[in-house]
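Below is one structure, written out as structure tokens; the observations come after it.
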Amino acid sequence: MIEILNPTELGRAREAGALVAAILQTLRSRSAVGTNLLELDHWAREMIADAGALSCYVDYAPSFGSGPFGHHVCTSVNDAVLHGLPHDRTLADGDLLSLDLAVSLRGVVADSAISFVVGSSRPTGSTEMIEATEQALAAGIAAARPGAHVGDISHAIGSVLTAAGYAVNTEFGGHGIGSSMHQDPHVSNTGRPGRGYRLRPGLLLALEPWVMADTAELVTDADGWTLRSATGCLTAHSEHTVAITEDGAEVLTQPATT
Numbered sequence: 001m002i003e004i005l006n007p008t009e010l011g012r013a014r015e016a017g018a019l020v021a022a023i024l025q026t027l028r029s030r031s032a033v034g035t036n037l038l039e040l041d042h043w044a045r046e047m048i049a050d051a052g053a054l055s056c057y058v059d060y061a062p063s064f065g066s067g068p069f070g071h072h073v074c075t076s077v078n079d080a081v082l083h084g085l086p087h088d089r090t091l092a093d094g095d096l097l098s099l100d101l102a103v104s105l106r107g108v109v110a111d112s113a114i115s116f117v118v119g120s121s122r123p124t125g126s127t128e129m130i131e132a133t134e135q136a137l138a139a140g141i142a143a144a145r146p147g148a149h150v151g152d153i154s155h156a157i158g159s160v161l162t163a164a165g166y167a168v169n170t171e172f173g174g175h176g177i178g179s180s181m182h183q184d185p186h187v188s189n190t191g192r193p194g195r196g197y198r199l200r201p202g203l204l205l206a207l208e209p210w211v212m213a214d215t216a217e218l219v220t221d222a223d224g225w226t227l228r229s230a231t232g233c234l235t236a237h238s239e240h241t242v243a244i245t246e247d248g249a250e251v252l253t254q255p256a257t258t
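In the UniProt record's numbering, the protein residues as written are 1 to 258.
Okay, here's the thing in structure tokens:
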């Protein structure tokens, strides 16, 4: 299903996006050496409830997971890159943490992910990897405009990632979003320009480049959810929800500036 939002729904999408961005930034500020992943999940649950919103993850049970997910935020550490199931683990200095959050507010969903290093240590290549996903995300957003194709976004993202030296996994990528978290069209992190669905104003997309340092192969944890690099290498993940407008793409999950 592909949804095209009307102006009223787009206004609610902006509210959902602002909430997701605010929660992620709060969780980032609380992610210190010694913080437990279950604490992050608890704080996410509280902030979502206080806003009168709903988590998209608690009852999430897709075919590729061992559902329901049962938690409120994905917490992926170091070699974990996607769908990290929160568990009893305290963060250490130098851990590369990815947080992925999707929330429904007033019937519209927003989805975003950030990656950052906890503490003062910086593992080799971690900063460059995070920056590569952020730059690829920016390139994908720049390519998202009315009349363009999904393949234009995929090509823009993939070009940045491969130029930075990373292999691109195509099992998981971006997606349409609206009244539910995962919708058509699928937005691969690499592709051919001029191919795929033609973008229209009112379309919402969650764009999410992610990479692993030295492989494109994933393995699944025994928890049935957490996806890790097959070699145990570091990983990074960046994501924004964007709305296609008459003028281009509006980022709905951009953190507020102070």
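Glycine included, every Cβ here is placed at the ideal spot set by N, Cα and C.
Distance from the Cα of M212 is smallest, within the candidate group Q254, Y197 and T162, for T162.
Counting along the chain, the unbroken alpha helix (DSSP H) around L161 starts and ends at V150 to A163.
Taking G224 as reference, the option from R12, G84, R45 and R30 with the minimal CA-CA separation is G84.
Residue state for Q183 is assigned as strand, using DSSP reduced to three classes. Per the DSSP secondary-structure output, T75 pairs in a beta bridge with L99. Here D50 carries a helix assignment [DSSP, helix/strand/coil]. Within its own chain, the residues whose Cβ lies closer than 7 Å to the Cβ of G65, once the five positions on either side in sequence are excluded, are H83, G224 and W225, listed in chain order. Uninterrupted alpha helix (DSSP H) stretches at least 4 residues long and entirely within the stretch 13-65 occur at 37-50, given in chain order. Rounded to the nearest angstrom, the gap between the Cα atoms of A53 and Y166 is 36 Å. When secondary structure is reduced to three states using DSSP, E208 falls in the coil class, being assigned neither helix nor strand. A distance of 7 Å or more separates the beta carbons of L199 and A143. Close CB contacts of I114 within its chain, under the 6 Å cut and outside five residues either way in sequence, are with L24 and L99 (chain order). With contact defined as three or more Cβ pairs closer than 8 Å, the stretch 38-52 and the stretch 86-97 are in contact. Less than 7 Å separates the beta-carbon of G174 from that of A206. Ranked by Cα distance from P209, the options R28, R122 and A132 are led by A132.
Residue range S126 to A143 is occupied by the alpha helix (DSSP H) that includes I130. The C-alpha of A216 is placed about 27 Å away from the C-alpha of T90. The alpha-carbon separation between A18 and D95 amounts to approximately 27 Å. For V81, the enclosing beta strand (DSSP E) stretches over residues A80 to L82.
In this structure, I244 lies near P201, with their beta-carbon atoms less than 7 Å apart. Contact annotation: S154 and S188 have beta-carbon atoms nearer than 7 Å. With respect to the C-alpha of A138, the residue from L101, E171 and G158 having the closest C-alpha is G158. The beta carbon of D59 lies closer than 7 Å to those of P68 in the same chain, with the five residues before and after it left out. If you draw a straight line from the Cα of E15 to the Cα of L204, it comes to about 14 Å. Distance between A32 and A92, taken at the CA atoms: about 8 Å. Counting other Cβ atoms within 10 Å of its Cβ, E46 stays below 16 and is therefore classed as exposed. Cβ contact annotation for C233 (same chain, cutoff 7 Å, sequence separation greater than five): D79, M212, A213, D214 and T215, in chain order.
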